[in-house]
Amino acid sequence: MTVVGIIGVDHVVVEHVFMFFINKLGYKGVKLVDCERDCYTEEGTLNKFAPCAKTIDHESNTERNEREPVTKRICFCGCDFGDTYECWVKFRARKAFMVTTSDWNSNYIISKLSKESELDIFSNTFFVSLAIDIPSISRFSMLMNTYENNDQIYHEKTVDMLTDNSDNVNVLLSLLINELNESRDGTYRLLRKSDYYIGYFKDFCDLENKILGLKLSEMDLRPSWDEYFMKIAKIASQRSNCISRKVGSVIVKDKKILSTGYNGTPKNMNNCFEGGCARCTNPDRVEGKSLETCSCMHAEANAMLFAGIERCNGATIYITLMPCISCTKSIIQCEIERVVYSAEYSIPENISTIKLLRDSNIKVDRFIERQYCL
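Numbering-wise (the UniProt record's numbering), the sequence shown opens with residue 1 and increments by one.
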């Protein structure tokens with residue numbers, strides 16, 4: 001089960017994506033629509049899926065019947081609390097949420113999300129948000145079209161300005177784009193919060209290929225085990241008191257957490273950000289050098305100390321930063337069998353901690369986060 005919510009500025013693009021998911025990918029469609037809360041006469045229609053008006057030409061009647069019903073409109077009707085638009089939007093989102101979660105055997109496409117409250121409600125389930133933005137030149141064309149109904153004098157002054165100085169074209173373009181960004185308000189914020197963002201496409205065919213490349217229907221929306229434990233390591237790093245760099249670590253065995261650790265000064269010492277480490281507060285420090293003068297305990301060292309050498313045997317350690325030479329030797333001594341790290345670390349060229357680990361028959365993997373922008 002996958003629920004995809006569309007976020008977009010251009011209604012034509014959003015509608016095309018919505019129909020693409022229904023007709024080509026077999027999703028069921030849910031449209032969030034505004035109303036005056038007086039369409040109870042259509043409640044029977046609104047509460048049931050209806051066949052989509054557009055179908056794929058090459059489909060047989062049998063295939064079409066198997067695919068029906070595919071679309072549903074959900075409005076504000078039935079909301080018995082609150083008299084504000086925001087309350088109605090939340091009610092509509094909750095109603096759509098109940099619809100999509102009641103049929104775990106189907107995939108759903110929702111058009112379209114325009115409020116952060118909607119995003120918050122849908123994020124409680126197997127949901128991904130897909131933002132479709134349009135190229136700047138297309139936005140410019142849209143804005144020029146909106147000015148067609150404005151005062152003719154405005155057009156004449158604009159033309160004169162562009163004719164007298166061609167550099168003003170860039171200025172005008174920038175102003176128009178800023179105006180569009182301001183006018184779309186909540187949608188613009190949602191674009192930046194989306195799980196997946198398609199920011200450029202040549203045409204609708206290119207857009208469809210980019211969507212297909214995401215393989216949303218095949219995706220396990222739960223994080224992989226590596227992603228899961230690395231996220232926990234990153235959360236652990238937020239407890240760090242080191243002003244130089246925040247690092248977190250998690251030791252795992254049989255998919256169970258043995259211990260966590262983060263870097264910072266030892267117990268009963270001042271925190272690093274309170275002056276507890278002379279090296280970290282030295283403006284002339286060089287990354288990867290003179291580590292022996294640093295008062296901070298490293299994240300993986302803390303995690304290994306808390307877990308103990310016996311429990312570390314055969315475990316996996318997740319670290320947000322590639323281990324230094326000292327921690328590498330401790331990892332080898334604790335007989336940890338796998339190291340997963342996220343960021344690279346600057347160390348002397350004649351020392352390779354990765355090589356040292358692999359020479360000790362320890363598996364080393366670098367964790368690469370999934371990319372969500374196309």
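Ideal Cβ positions, reconstructed from N, Cα and C, are used throughout, including at glycine.
Nearest candidate by alpha-carbon position, reference residue i, set the options
i    : options                   : result
E369 : V89, I109 and T320        : T320
R338 : K234, K363 and C324       : K363
G2   : R366, S326, E227 and S217 : According to the sequence displayed, residue 2 carries Thr and not Gly. Minimum Cα distance to T2 is reached at S217.
G78  : C87, V70 and E344         : C87
F20  : I74, R222 and N209        : N209
S267 : K234, N302 and V247       : Looking at the sequence itself, residue 267 is Lys, so the reference to Ser does not match. Nearest option by C-alpha distance: N302.
K90  : E116, E335 and L191       : E116
N243 : R222, M269 and T265       : Checking the displayed sequence, the identity of residue 243 turns out to be Ile instead of Asn. Taking only the C-alpha atoms, the option nearest I243 is T265.
E335 : A307, P223, S342 and A343 : A307
E7   : D359, R366 and I198       : The question names Glu, but residue 7 is Ile in the sequence shown. Per the Cα distances, I198.
V343 : K234, Y108, Y188 and E118 : In the sequence under discussion, the amino acid at residue 343 is Ala, which differs from the Val named in the question. Nearest C-alpha to A343: K234.
F18  : R92, A93, D80 and Y108    : Y108
Neighbourhood of residue i by C-beta, 7 Å cutoff - its chain only, sequence neighbours within 5 removed
i    : result
V13  : I132 and I134
F229 : V250, V252 and Y318
F126 : M1, T2, V3 and L221
W104 : M1
Y345 : G288, L321, M322 and C324
For residue j and residue i, believed in contact at Cβ under 8 Å, the rounded distance
i    : j    : result
A278 : S237 : Going by Cβ atoms, the distance from A278 to S237 rounds to 22 Å, so no, they are not a contact pair.
F296 : N263 : For clarity, residue 296 is Cys in the given sequence; the question names Phe instead. With 8 Å as the limit, C296 and N263 qualify as a contact, their Cβ atoms being about 5 Å apart.
I331 : P323 : 6 Å
V340 : D226 : 6 Å
Y196 : L214 : 6 Å
T281 : I325 : Not really, about 23 Å apart at Cβ, beyond 8 Å.
N291 : T328 : Note that residue 291 is Leu in the sequence shown, not Asn. Not quite, the Cβ-Cβ distance comes to about 12 Å (not below 8 Å), so this is no contact.
Per DSSP, cross-strand counterpart(s) of residue i
i    : result
F122 : Beta-bridge pairing links F122 to no other residue.
D365 : V340
Y27  : According to DSSP, which records beta bridges pairwise, Y27 is partnered with nothing at all.
S259 : I251
R9   : A small fix is needed here, since residue 9 is Val in this sequence, not Arg. Its beta-bridge partners do not exist; DSSP assigns none.
T316 : V252 and R338
A131 : I7 and Y197
R73  : K31
I110 : G5 and V30
M297 : G264
Cβ shell of residue i (< 6 Å), same chain only, five flanking positions each side left out
i    : result
G5   : I110, L113, F122 and S129
S106 : K28
T293 : R279
D10  : I134
M142 : Residue placement at M142 is poorly supported in this model, since its pLDDT is 47, which falls under 50; the coordinates still yield a value, given next. Closer than 6 Å at the Cβ level, and outside the excluded window around M142, lies no residue.
F367 : D226, M230, V340 and S342
I232 : V250
D365 : V340
C75  : V33 and C35
Within-8 Å CB hit, residue i to chain E
i    : result
E227 : Structure shown: chain E not included; a single protein chain is present.
Close-in-space but distant-in-sequence residues of the same chain around residue i (CB under 8 Å, 5 per side omitted)
i    : result
S360 : I332
Practice task
Check whether the region 314-328 touches the region 267-275, taking contact to mean three or more Cβ pairs, one atom from each stretch, closer than 8 Å.
Solution key: no
Handout entry: Stretch pair the region 88-105 + the region 117-128: three plus CB contacts closer than 8 Å
Key = yes
Problem - Three CB pairs or more closer than 8 Å across the region 250-265 and the region 196-204 - result: no
Handout entry: Three CB pairs or more closer than 8 Å across the region 103-112 and the region 23-32
Key = yes
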